[in-house]
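Only one structure is covered here, and it is reproduced in the block below.
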Amino acid sequence: MKDIFISSCCNQGGCQAKGTLIIIGGGSAAFSAATRAVELGAEKVTIINDGLPTGGTCVDVGCVPSKTLIRAAESLHRSNHNPFAGIVTSGRLTDFAAVIQDKRRLVTELRQAKYVDVIRDVPNVHLENGHAKLLDSHTVELGPRRLAADNILIATGASAAISEIPGLAASGYLTNESAFELETLPESLIVLGGRYIALECAQMFARMGSGVTVLQRSDRILPIQPADITDALTGYLVGEGLEILTGVTVQQVVSLSRFSYRIQGMDCKACAAGLQAMLGRLPGVTTAVVSYRDGTAQVQTAPAFHPHTVIRTLDSVGYNTTLMQPAKLAVAR
Numbered sequence: 000m001k002d003i004f005i006s007s008c009c010n011q012g013g014c015q016a017k018g019t020l021i022i023i024g025g026g027s028a029a030f031s032a033a034t035r036a037v038e039l040g041a042e043k044v045t046i047i048n049d050g051l052p053t054g055g056t057c058v059d060v061g062c063v064p065s066k067t068l069i070r071a072a073e074s075l076h077r078s079n080h081n082p083f084a085g086i087v088t089s090g091r092l093t094d095f096a097a098v099i100q101d102k103r104r105l106v107t108e109l110r111q112a113k114y115v116d117v118i119r120d121v122p123n124v125h126l127e128n129g130h131a132k133l134l135d136s137h138t139v140e141l142g143p144r145r146l147a148a149d150n151i152l153i154a155t156g157a158s159a160a161i162s163e164i165p166g167l168a169a170s171g172y173l174t175n176e177s178a179f180e181l182e183t184l185p186e187s188l189i190v191l192g193g194r195y196i197a198l199e200c201a202q203m204f205a206r207m208g209s210g211v212t213v214l215q216r217s218d219r220i221l222p223i224q225p226a227d228i229t230d231a232l233t234g235y236l237v238g239e240g241l242e243i244l245t246g247v248t249v250q251q252v253v254s255l256s257r258f259s260y261r262i263q264g265m266d267c268k269a270c271a272a273g274l275q276a277m278l279g280r281l282p283g284v285t286t287a288v289v290s291y292r293d294g295t296a297q298v299q300t301a302p303a304f305h306p307h308t309v310i311r312t313l314d315s316v317g318y319n320t321t322l323m324q325p326a327k328l329a330v331a332r
């Protein structure tokens with residue numbers, strides 16, 4: 000194999016996608032690529048999905064569930080912090096499980112309407128469920144079967160990163176995926192990480208009523224943003240009742256309710272009813288020929304692959320950008 004092609008730009012004028020295409024992945028990028036391939040003349044497109052339900056991160060465990068719960072928490076917060084004179088409002092959380100169930104209903108409805116029903120009406124597109132393994136540049140193993148196509152597109156998205164903190168992996172910690180499925184609001188919660196996903200989750204749980212502590216390794220939250228912005232945000236969150244500790248090195252996780260960390264040269268211990276690790280995202284590529292190291296896609300040479308084979312991959316092309324357009328461009332090449 001010569002290289003991996005990650006498309007960022009392409010002149011689509013006159014492009015045609017003839018023959019057959021296999022897309023590994025079932026999220027927004029995969030569905031966008033499938034519809035575009037059919038528009039460009041593909042004879043058959045097979046989408047192979049595994050892991051998350053059809054629709055991928057955004058609808059299942061990302062944008063839709065997080066923003067639903069964030070807005071619910073905002074509604075509760077605003078009802079208890081009315082800024083207008085002469086008006087008295089108040090609110091309280093009576094049934095957290097009902098809030099989660101409402102979120103699940105919305106996720107199910109949007110998954111059906113925006114993905115399942117849409118792809119059903121696209122001709123020449125077939126959806127398969129199962130774990131796909133690349134055998135060569137035109138063949139995928141799916142359980143006991145082997146599927147062949149003229150081209151293969153990898154659009155497997157990303158999953159929560161697992162830190163090498165001793166004891167964390169075995170602790171039963173929460174991620175953005177599992178935290179949005181809790182049916183009981185934790186009385187207290189420690190959030191590992193201080194970037195935007197960690198902070199919006201931390202604020203949401205705090206507004207619902209959890210006592211929340213954020214532990215951030217860097218000397219400030221959102222370290223890639225200007226200091227005046229992060230300072231202002233820190234003050235805002237602290238004003239809402241969150242505890243934010245920076246410059247923290249977590250040393251060991253004994254259990255969800257007990258772990259140790261180091262801050263400003265001092266060894267400390269902490270306990271909470273829940274521990275949420277928000278330590279970034281990693282690509283969802285785990286094939287025999289594609290790996291990920293130090294932020295770069297790596298390709299292992301394999302005799303089964305033609306020397307000039309290009310596997311088009313959209314595993315995690317920039318975690319902060321929508322992949323639907325790159326997916327369309329990749330199938331047009």
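No gaps in the numbering here: position 219 of the sequence shown is 218 in numbering that gives the first Met the number 0, and each next residue is one more. In this text, a Cβ means the ideal position worked out from N, Cα and C, and glycines have one as well.
The criterion of a C-beta distance shorter than 8 Å is satisfied by alanine 271 and leucine 188. Inclusion of methionine 207 and leucine 241 in the CB contact set at 8 Å is not warranted, their separation being larger than that value. Isoleucine 228 is classed as exposed because its beta carbon has fewer than 16 other beta carbons within 10 Å across all chains shown. Counting the other Cβ atoms within 10 Å of the Cβ of cysteine 200 gives 16 or more, which makes it buried. For a cut-off of 8 Å, the C-beta gap from leucine 214 to valine 247 is around 4 Å, short enough to register as a contact. The three-state secondary structure of asparagine 79, taken from DSSP, is coil. Separation of arginine 261 and serine 158 (C-alpha to C-alpha, rounded to the nearest whole angstrom) is 28 Å.
Of Gln202, Met265, Ala36, Thr53, the smallest CA-CA separation from aspartate 116 is found for Thr53. The straight-line gap separating the alpha-carbon atoms of threonine 56 and cysteine 62 is approximately 8 Å. Assignment of arginine 119 by DSSP, reduced to helix, strand and coil, places it in the helix class.
Apart from the 5 residues on each side of it in sequence, glutamate 42 sits with its Cβ closer than 8 Å to the Cβ of Lys17, Gly18, Thr19, Asn123 in its chain, given in chain order. In its own chain, leaving out the 5 sequence neighbours on each side, no residue places its CB closer than 6 Å to the CB of arginine 91. For arginine 110 and aspartate 266, the gap between their C-alpha atoms comes out near 46 Å. For phenylalanine 30 and isoleucine 86, the gap between their C-alpha atoms comes out near 48 Å. Only buried fits tyrosine 172, as 16 or more other CB atoms lie within 10 angstroms of its CB. Looking at Ala169, His130, Tyr235, Phe83, the one whose alpha-carbon comes closest to that of proline 143 is His130. Here DSSP, grouped into helix, strand and coil, assigns glutamine 100 to helix.
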